[in-house]
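Take the UniProt record's numbering: the last position of the sequence shown gets the number 473, and nothing is skipped along the way.
Beta carbons are placed, not taken as given, at the ideal position from N, Cα and C, and that holds for glycine.
Below: the structure, in structure tokens.
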Amino acid sequence: MVASKITDEQIQVLKSQLQDHATVLTPSSEEYEVSLKLWSEIGFQRSGVSVRPTDAQGIARTVKFAQDHQIDLAIKGGGHSTDTSASSDGGILIDLSRMKQIWVDPVTKTVTAQAGALWADVDQATAQYNLAVVGGTVSHTGIGGLSLRGGYGYLTPQYGLTIDNLLAAKVVTADGSVIEASAEESPDLFWALRGAGSTVGVVIEFVFQAHPQPNLVWNGTRTYSSDLVPEVIQALNAALVHSQGRAAAQCFLSLSPDTGDPIVTTVLFFNGSEKEGKRHFAELLALDCIADNVKMRAYPEVNTTLDAMVPPGGQKMLIGLQLASPVQPKFASEIMEEIKHRLNAEADMAGSSLEIDYFDPSQICRHAITESSFPARNRLLKGALMLQWTDPSRNDSNVSWGKRIRTMFEDELRREGHEPDKLVSNFVGYTRGDKVTPADMFGVNADRLLEIKAKYDESNIFNKLNPLTGIGP
């Protein structure tokens with residue numbers, strides 16, 4: 001389809017069709033600017049209209065209207081992307097922020113959440129019943145984008161990806177139909193949602209399998225001087241695997257927000273007692289640290305640990321990385337030097353960081369790649385370069401440097417005997433204009449995904465994130 005901008009006349013027709021099912025905001029509306037706001041300003045675009053639905057019909061009628069009139073359409077859940085996938089240039093933006101209800105069934109241990117909810121909402125709701133859902137590691141992330149692209153979190157080594165714990169979904173497809181998708185109902189759509197959801201429809205409700213979480217967890221940050229990078233990496237390598245999957249960790253290379261010195265910050269997580277956690281991470285704890293605030297905490301607090309490191313606003317770019325395990329300490333030291341040099345030279349980037357997730361991938365790899373559309377089931381460790389700055393004139397320079405760091409990671413993968421790929425995940429995504437094919441993005445799942453895409457979205461109205469080619473006019 002050839003997407004167009006919405007006209008004033010079309011806005012009036014859309015309002016009449018939506019009635020009480022949604023609020024329609026135009027540039028003159030008081031809440032219009034708030035509805036467009038994204039976590040990162042780098043992907044910001046101004047839509048011709050913002051629609052805030054309050055129910056399924058509000059979404060369904062808007063999607064059908066966009067399709068019938070060939071108007072550019074974007075969906076915004078948490079708005080946590082660092083690209084243009086959650087915005088529209090003059091078209092229609094569906095802002096899901098008014099659909100945040102959550103229902104917990106303590107008997108079946110299932111959680112139903114509307115797509116506008118954030119992980120903080122889910123964590124708080126499930127904690128009332130001593131339950132937890134595999135979610136992200138930043139509480140102000142929306143549940144939709146993270147879930148449909150895989151979903152990595154501190155519980156992943158124990159229970160797998162978020163999509164591995166997705167039981168069902170309510171979906172609006174391109175023709176405005178509202179479909180229940182699960183292993184029993186519309187199984188082809190359910191298969192596609194788990195890894196490529198944004199390309200085939202709008203998920204408006206998620207049903208997750210929750211897990212018992214009656215105990216506090218041992219969690220917090222422990223920070224080291226940059227000269228200890230090799231020792232820290234070696235200790236984290238040793239702590240990657242726990243026999244019951246109850247351990248997880250993250251490693252951040254950055255500058256201290258207090259002194260500006262290069263530091264290594266580790267986030268430690270153990271789903272058990274302090275004694276067990278200290279025993280598991282004993283090699284790391286034996287190293288002298290600058291700061292230590294690891295203690296027993298309630299699970300919802302765990303997912304707020306990183307919130308302050310990635311506040312909303314400003315220019316942001318997330319560049320996905322992969323590393324073979326065990327991570328080579330020498331390479332980590334080289335990357336630390338690159339981080340230190342760049343962030344010291346570019347003061348506006350001082351809040352940037354490089355993250356390596358030490359999440360044992362064993363549970364992820366227990367599922368076959370073809371079990372869902374999610375293609376990145378391998379034993380590589382995931383990571384991300386989170387670039388943050390304020391001056392838009394530095395966009396090209398800063399992103400170019402980030403891509404150079406990604407090339408260094410790709411070269412390291414090759415040295416370790418792995419060929420880099422372009423498979424999509426939470427840290428790797430593409431928008432229109434990126435030179436990638438469906439096979440690049442989804443590997444062996446591409447052909448089946450294209451067939452399902454053609455069935456549910458032949459006109460290709462859902463084309464913002466990881467867009468599939470070879471369909472539509």
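In the same chain as Ser139, and ignoring 5 residues on each side of it, the C-beta atoms closer than 6 Å to its own belong to Trp119, Ala120, Asn303, Thr304, Asp307, in chain order.
The residue among Arg98, Lys100, Val133 with its C-alpha nearest the C-alpha of Thr110 is Val133. Take the alpha-carbon of Val49 and the one of Thr26: they are about 5 Å apart. In this structure, the CA atom of Val104 is about 30 Å from the CA atom of Pro375.
Contact check between the segment 211–228 and the segment 177–193: fewer than three CB pairs, one atom from each, fall below 8 Å, which does not count as touching. The beta carbon of Glu412 sits closer than 6 Å to the beta carbons of Phe331 from its chain, once the five residues preceding and following it are set aside; these are given in chain order.
Taking a contact to require three or more Cβ pairs closer than 8 Å, the segment 16–25 and the segment 61–80 qualify as touching. Assignment of beta-bridge partners to Lys295 by DSSP yields Asn219.
By the Cβ neighbour-count rule, His341 is exposed, with fewer than 16 other Cβ atoms within 10 Å of its own. Contact annotation: Ser273 and Ile263 have beta-carbon atoms that are not nearer than 7 Å. Nearest in C-alpha terms to Leu155, of all of Ala249, Asp68, Glu180, is Ala249. Between the alpha carbons of Ser362 and Gln12 lies a gap of roughly 53 Å. For the pair Ala454 and Phe462, the Cα-to-Cα distance works out to about 11 Å.
Your pair Ile94 and Val122 does not check out as a contact, with CB atoms roughly 21 Å apart and the cut at 8 Å. Of Thr82, Arg46, Leu14, the smallest CA-CA separation from Ile319 is found for Thr82. Apart from the 5 residues on each side of it in sequence, Leu354 sits with its Cβ closer than 8 Å to the Cβ of Phe252, Leu253, Ser254, Leu321, Ile335, Ile339, Gly383, Ala384, Leu385, Met386, Ile405 in its chain, given in chain order. Rounded to the nearest angstrom, the gap between the Cα atoms of Gln45 and Ala446 is 30 Å.
In the DSSP assignment, Pro438 falls within the alpha helix (DSSP H) that extends over 438–442. By the beta-carbon neighbour count (other beta carbons within 10 angstroms, threshold 16), Arg52 is buried. The beta carbon of Val424 sits closer than 6 Å to those of Met441, Asn466, all from its chain and outside the five residues before and after it, given in chain order. Ranked by Cα distance from His418, the options Ser393, Ala324, Gly277, Val428 are led by Ala324. Listed as beta-bridge partners of Asp95 by DSSP are Lys76.
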